[in-house]
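First to last, the sequence lines map onto chains A and B.
Each residue of the first sequence is one higher than the one before, starting from 1392 at the first, in our numbering.
Each residue of the second sequence is one higher than the one before, starting from 1392 at the first, in our numbering.
Number of protein chains: 2
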Amino acid sequence: MVTYTEISPSEFFYRNRDLAGFTNPARALYMAVRELVENSLDATELAGSLPEIYVRIIPESNANDSPDPRAYRLSVSDNGPGVEPNQVPSAFGKVFYGSKYILRQSRGMFGLGGTMTILYGQITTNKPVRITTSQDGKTKYSFEMLIDIAENKPVVLRRDSSDAGGQTGTRVDLTLEGDYLRASQKITDYFRQTALVASYANLTFVDPQGQITFFERATTSMPVAPKETLPHPYGIDVEAFKRIVKSSEEDNLEDFMVKHFHRVGERIASKFLAFAGIDGSLSPNRLSNQQVVSIVDALQRYPDFLQPDASCLSPVGEEILQVGINKELQPEFSTVVARPPSSYSGFPFLVEVGLAYGAKTLQPGMKLFRFANRIPLLYDESSDVSFKLLNEEIDWKRYHVPQDAPVAIITHIASTKIPYKTVGKEYIADRPEIERELRNAIREALRRLSIYLSRKGNMEAVQRKMNIYGKYLPLIARFATDLAGHKRTPHYRKLIGEEGGEVEVVAEGIEEAPNPEPGSEGQQVIGIEQSKIEDYR
Amino acid sequence: MVTYTEISPSEFFYRNRDLAGFTNPARALYMAVRELVENSLDATELAGSLPEIYVRIIPESNANDSPDPRAYRLSVSDNGPGVEPNQVPSAFGKVFYGSKYILRQSRGMFGLGGTMTILYGQITTNKPVRITTSQDGKTKYSFEMLIDIAENKPVVLRRDSSDAGGQTGTRVDLTLEGDYLRASQKITDYFRQTALVASYANLTFVDPQGQITFFERATTSMPVAPKETLPHPYGIDVEAFKRIVKSSEEDNLEDFMVKHFHRVGERIASKFLAFAGIDGSLSPNRLSNQQVVSIVDALQRYPDFLQPDASCLSPVGEEILQVGINKELQPEFSTVVARPPSSYSGFPFLVEVGLAYGAKTLQPGMKLFRFANRIPLLYDESSDVSFKLLNEEIDWKRYHVPQDAPVAIITHIASTKIPYKTVGKEYIADRPEIERELRNAIREALRRLSIYLSRKGNMEAVQRKMNIYGKYLPLIARFATDLAGHKRTPHYRKLIGEEGGEVEVVAEGIEEAPNPEPGSEGQQVIGIEQSKIEDYR
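Listed below in structure tokens is the structure:
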């Protein structure tokens, strides 16, 4: 006997929380911190405020001797624009309800994280969540609520308001089962790496022992907030096309194309419609099914649409990334390569790659830091496109980087849609277009490192020569003085630079640096050599 | 300005089809075949019928010159019990509606695959799906339908019925964009590996060139159909507990525990309630929130619950797996190790491992075939728990298996809930309990291979000796005959086994085989040496 049942979206993720990354108490605690912090960062940045995020984890009971996993109280608050009070219950208590279902770059991608966190807290501890928010800084509204999982709807237990004291923003307080002992490393890594790309944010973290870690803002320049964008014609399927038609009011296809698609002007619209063999004066609402299918088919094939415009993307920015790398890693050499925007399946994206060499904070060997829309990705590294490239495709020998050199590679992908392969946002699918951009950026960064190392190697060779001169020159000088019958040795110290004399070093080794590989086009270069070669003596 | 929207489950998966494995036209075609075949296998097996599955992929248009990706027509039919006609629209046209949301081992896990396949076909080609089904073999019902994605509901375009001609079962016909060129290898692998574990099924595959591949049934013994089971106490959270209470009628906790939990009898129920400090005569419906939380808390901590019963699981079975391995790989040596059932987070599971050595179909080196609930897993191998174990944890040297030996390892995990990390069912999370069972099974299989190889090595040494004896014995015999003054040489040929005389080979080398590693307990052994060592001559 087969029985059919319908389950709600809440129920689906309740049953399959592994899918959203809530696999075990350690991972769940990490995910909870991450999802709430990312919502806060998205909110503050969208409003253009310099983020002030405060995170605290404290044990639920005072009994300090109860071992992990156990119940923790997690609080995350921000100085964002707040949430409209009427939206609070659904925005936090309903799966598939949210503000992220539009084409705009954001850390959140599935509109699930906040609600999943609350759901997880509820099913493991059965405590309600409390959300406090103020939009105007005058009144703050507070909601205590649970989620009715079977119905996928919020159940508000208590709602009240009080004086906000001039402070806007949102605060979430919830109780969840966690394993801080096993999660602490990942949580620390998460904050450190978030500080690396969001160097304009103040992040405060209070751990269960009461220890406070403060990641201080290193710059007040913020990335431009991402903008919502129209869909690019390459990304449109029949379903999407029909929906746009349904919501449209234009009475001819040409206007319709111009109004609803990204970077389609009149000229392109009319050329495209000719290509598709469809009369541009037809009304979109009167298209036959067959006509829709052939337009959509032509959308994929038309070669002359413009690339998506990058202005809807919000990269970290070379300067901010450089500041972040120098602050968090303190390397001997670092560089940032930003690629021009590109697209896959109609979604714009761009790639930024940072490289740090000789950082005191790094072990020998290559370390990869992965970011997507400014989120650090900490799990399942070996399935990620960046890992694959660095370990299987890049020919490191070409760049004369010693195998155990302490190198960090930072990859960042910004897009209106990151092709994650899991709801838990652990790693990125290897779309060929993204792979290509990453490859070019990594090669360029390595080329710069190679030049630096080669120059440094020459410096060191010169230094070694100087050392030898330094050892024998006094003897030669005395010998020559004696031979000449003089009393006073000449001023030879100037020659070995011991008295402030400059020795010009010819960087002959630059030829050793490899040429750019095919496909790596010109970029703007920002390369800072933090510690210059010391004086030779 | 922040706008909030609610999206339907269909919409969610429509937007995020990467999550369900429908990443590109090649992968999507593979996923479509797989999801429909797996639904068919689940249905036939549950009804206890020997599966007859027919799959056909043909290009939608006759123009043979149109390149991939292009539209294909996919048909999958089975001889299963059919679907109740009234359920057809929802079962196939509504996300989160299905028959798999119960605790029973099945290939399907998320109740999503069939609907996702239909959704994908619809959004890429805008053609309706046709589902034809008969439960009684007399009447068959046919439905042509589309999915209303925004509303997550089926839209039936046509429904009719006709004579079924004595044949029960279900057939799905749909059109989808696919890339057969790039998918064909995976699809072939999929059928071959499915035939390996489902050696009791007839599988027919007609490819776009019209070529027919028939995987013939090799045994008529079928695994026992999996049974639905009660939840094990270890897997219960507050939410689950409350739901069970809601649906229960018992007026005291002791009866309640016995009735609703897996392997909880009266004795265990009363002991547990004492452990939890709760009066067993309380009515479940009158428990306070605090009492529920402390019962659930105690459920996780109580040490004396029985392990889940394996009778709800349906392993492949040693015999069927052995038959499958021999049929598909034709190895020189093969063995199957079945571990006793175990559990993780309250879900029962068991592990079966097959090993094939010296198969003509294998390249040198180790090849891994992964299965979960009888599904072959073909993507993202390197993230899987089996891969991790074989490549990072098992000490192959210990088993004297040469590095380039042609070895295949087949791992199968059966469970009421497979801990997949993606909706696309690509790989399994490394839960410690599953890892342990796999490790033990793999070690045991390798130990057997090691014994076989050592025995074979000895045989070969004996054979080499025999060859030398065979060369010199005639001379020695003649010399000895001459010395003794005899005319006729003795009957020495018997000694080198050339005339049917048996030479007993002492398998002294067996000591070389390693002892079982700690933790690998006794199992039943099925080891078949397919090709005996040839006569020595």
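We put the beta carbon where it would ideally sit given N, CA and C, even for glycine.
Short-range partners of chain B found in the segment 1550-1579 of chain A, where Cβ spacing is below 7 Å: none
Does the Cβ of F1740 (chain B) have 16 or more other Cβ atoms within 10 Å, making it buried, or fewer, making it exposed? Looking up residue 1740 (chain B) in the second sequence gives position 349. It is buried - the Cβ of F1740 (chain B) has at least 16 other Cβ atoms within 10 Å.
Please go through the segment 1561-1631 of chain B and give each complete alpha helix (DSSP H) segment of 4 or more residues, from N-terminal end onward. 1571-1588
Under 8 Å from the C-beta of F1738 (chain B): neighbouring residues of chain A: Along the second sequence, read from residue 1 onward, the residue named residue 1738 (chain B) stands at position 347. Residues of chain A passing the Cβ test: none, with the nearest at roughly 12 Å.
When the Cα of R1461 (chain A) is compared with those of A:N1415, A:N1470, A:L1829 and A:V1474, which residue comes out closest? Reading the first sequence from its first residue, position 70 is the one you call residue 1461 (chain A). The candidate whose alpha carbon is nearest that of R1461 (chain A) is A:N1415.
Report back the beta-carbon spacing between S1466 (chain A) and D1564 (chain A) to the nearest angstrom; my notes put them in contact at under 8 Å. By 1-based counting over the first sequence, the position of residue 1466 (chain A) is 75. By 1-based counting over the first sequence, the position of residue 1564 (chain A) is 173. The Cβ separation is near 5 Å, so the contact holds.
When you compare the CB of E1723 (chain B) with every CB in chain A, is at least one pair closer than 8 Å? Taking the second sequence and counting its residues from 1, the one referred to as residue 1723 (chain B) is at position 332. Chain A, which has no Cβ nearer than 8 Å to the Cβ of E1723 (chain B), makes this no.
Helix, strand or coil at E1429 (chain B) according to DSSP, with G and I counted as helix: Here residue 1429 (chain B) corresponds to residue number 38 of the second sequence, with the count starting at 1. Three-state DSSP puts E1429 (chain B) in a helix.
Assigned secondary structure, E1657 (chain B) (DSSP; H/G/I helix, E/B strand, else coil): Taking the second sequence and counting its residues from 1, the one referred to as residue 1657 (chain B) is at position 266. If DSSP states are grouped into helix, strand and coil, E1657 (chain B) belongs with the helices.
Contact list for the segment 1401-1433 of chain A against chain B, Cβ threshold 8 Å: E1402, F1403, Y1405, R1406, N1407, D1409, L1410 and T1414
Apply the 10 Å Cβ neighbour rule to I1859 (chain B) and answer buried if 16 or more other Cβ atoms are within range, or exposed otherwise. Taking the first residue of the second sequence as position 1, residue 1859 (chain B) is located at position 468. It is exposed - the Cβ of I1859 (chain B) has fewer than 16 other Cβ atoms within 10 Å.
May I ask you to verify whether the segment 1416-1424 of chain B touches the segment 1468-1485 of chain B, counting CB pairs closer than 8 Å and requiring at least 3? no
Run through the segment 1749-1807 of chain B for me and flag every whole alpha helix (DSSP H) of 4 or more residues, listed as ranges in chain order. 1776-1779
G1737 (chain B) versus T1802 (chain B) - alpha carbon distance: Counted from its first residue, the second sequence places residue 1737 (chain B) at position 346. Counted from its first residue, the second sequence places residue 1802 (chain B) at position 411. The straight-line gap from Cα to Cα measures roughly 22 Å.
What residues from the segment 1685-1701 of chain A come within 7 Å of chain B, judged by C-beta to C-beta, listed N to C? none
Given a threshold of 16 other Cβ atoms within 10 Å of its Cβ, counted over all protein chains shown, does K1856 (chain B) qualify as buried or as exposed? Counted from its first residue, the second sequence places residue 1856 (chain B) at position 465. K1856 (chain B) is exposed by the Cβ-count criterion.
Proximity below 8 Å, CB of T1515 (chain A) to CB of D1628 (chain B): As a first step, residue 1515 (chain A) is located in the first sequence; it is residue number 124 there, counting from the start. As a first step, residue 1628 (chain B) is located in the second sequence; it is residue number 237 there, counting from the start. Going by C-beta atoms, T1515 (chain A) is nearer than 8 Å to D1628 (chain B).
Can you name the start and end residues of the beta strand (DSSP E) that F1652 (chain A) belongs to? For this step, residue 1652 (chain A) is matched to residue 261 along the first sequence. Looking at the DSSP string, F1652 (chain A) is not in any beta strand (DSSP E), and its letter there is neither H nor E.
With 8 Å as the threshold, decide whether the Cβ of P1810 (chain A) is near any Cβ in chain B. If you number the first sequence from 1, residue 1810 (chain A) lands on position 419. So, interface residue.
Does I1804 (chain B) get closer than 8 Å to chain A when you measure Cβ to Cβ? For this step, residue 1804 (chain B) is matched to residue 413 along the second sequence. No, I1804 (chain B) does not count as interfacial toward chain A.
Please tell me whether D1771 (chain B) has its Cβ less than 8 Å away from any Cβ of chain A. Position 380 of the second sequence, counting from 1, holds the residue named residue 1771 (chain B). So, interface residue.
Given that a residue counts as buried once 16 or more other Cβ atoms are within 10 Å of its Cβ, and exposed if not, what is Y1863 (chain A)? In the first sequence, the residue the question calls residue 1863 (chain A) occupies position 472. Exposed, since its Cβ has fewer than 16 Cβ neighbours within 10 Å.
Alpha carbon to alpha carbon, how far is N1676 (chain A) from T1561 (chain A)? Give it in angstroms, no decimals. Your numbering for residue 1561 (chain A) matches position 170 in the first sequence. Your numbering for residue 1676 (chain A) matches position 285 in the first sequence. Roughly 43 Å between the two C-alpha positions.
Between the alpha carbons of P1458 (chain B) and K1518 (chain B), how many angstroms are there, rounded? Position 67 of the second sequence, counted from the first residue, corresponds to residue 1458 (chain B). Position 127 of the second sequence, counted from the first residue, corresponds to residue 1518 (chain B). About 20 Å.
In angstroms with no decimal places, state the Cα-to-Cα distance between P1353 (chain A) and L1780 (chain B). As displayed, chain A neither begins before 1392 nor continues past 1928, which places residue 1353 (chain A) out of reach and without an answer.
Give me the Cβ distance between Y1405 (chain A) and I1540 (chain A), rounded to the nearest whole Å; I'm assuming they're in contact under 8 Å. Taking the first sequence and counting its residues from 1, one reaches residue 1405 (chain A) at position 14. Taking the first sequence and counting its residues from 1, one reaches residue 1540 (chain A) at position 149. So it is a contact: roughly 5 Å between Cβ atoms.
From L1441 (chain B) to L1432 (chain B), what does the alpha carbon distance come to, in whole angstroms? Here residue 1441 (chain B) is taken as the residue at index 50 of the second sequence, counted from 1. Here residue 1432 (chain B) is taken as the residue at index 41 of the second sequence, counted from 1. For L1441 (chain B) and L1432 (chain B), the distance between alpha carbons rounds to 9 Å.
By Cβ distance, which residues of its chain are closer than 6 Å to A1660 (chain B), with the 5 residues on each side in sequence left out? Within the second sequence, the letter at position 269 stands for residue 1660 (chain B). Answer for A1660 (chain B): E1645, M1648 and V1649, listed in chain order.
Can the beta-carbon of G1745 (chain B) be found less than 8 Å from the beta-carbon of S1725 (chain B)? Numbered from 1 along the second sequence, position 354 holds the residue referred to as residue 1745 (chain B). Numbered from 1 along the second sequence, position 334 holds the residue referred to as residue 1725 (chain B). Yes, the Cβ-Cβ distance between G1745 (chain B) and S1725 (chain B) is below 8 Å.
Quick check: the Cα distance between S1399 (chain B) and G1489 (chain A), rounded to an integer number of angstroms? Residue numbering aside, residue 1399 (chain B) sits at position 8 when the second sequence is read from its first letter. Residue numbering aside, residue 1489 (chain A) sits at position 98 when the first sequence is read from its first letter. Rounded to whole angstroms, S1399 (chain B) to G1489 (chain A) spans 12 Å at the Cα level.
Does DSSP put E1723 (chain A) in a helix, in a strand, or in coil? Along the first sequence, one-based indexing puts residue 1723 (chain A) at 332. It is coil, neither helix nor strand.
Would you list, in chain order, the members of the segment 1624-1650 of chain A that have their beta-carbon closer than 7 Å to a beta-carbon of chain B? D1628, V1629 and E1630
Can you give me, in chain order, the residues of the segment 1435-1453 of chain B that have a beta carbon less than 8 Å from any beta carbon in chain A? L1437
When the distance is taken between beta carbons, is S1590 (chain B) closer than 8 Å to G1439 (chain B)? On the second sequence, residue 1439 (chain B) is found 48 positions in, with the first residue counted as 1. On the second sequence, residue 1590 (chain B) is found 199 positions in, with the first residue counted as 1. Cβ atoms of G1439 (chain B) and S1590 (chain B): not closer than 8 Å.
Determine the DSSP secondary structure at K1878 (chain B), reduced to helix, strand or coil. On the second sequence, position 487 is the one that residue 1878 (chain B) refers to. It is coil, neither helix nor strand.
Please classify L1697 (chain B) as buried or exposed, where buried requires at least 16 neighbouring CB atoms within 10 angstroms. If you number the second sequence from 1, residue 1697 (chain B) lands on position 306. Classification of L1697 (chain B): exposed, given that the 10 Å Cβ count is below 16.
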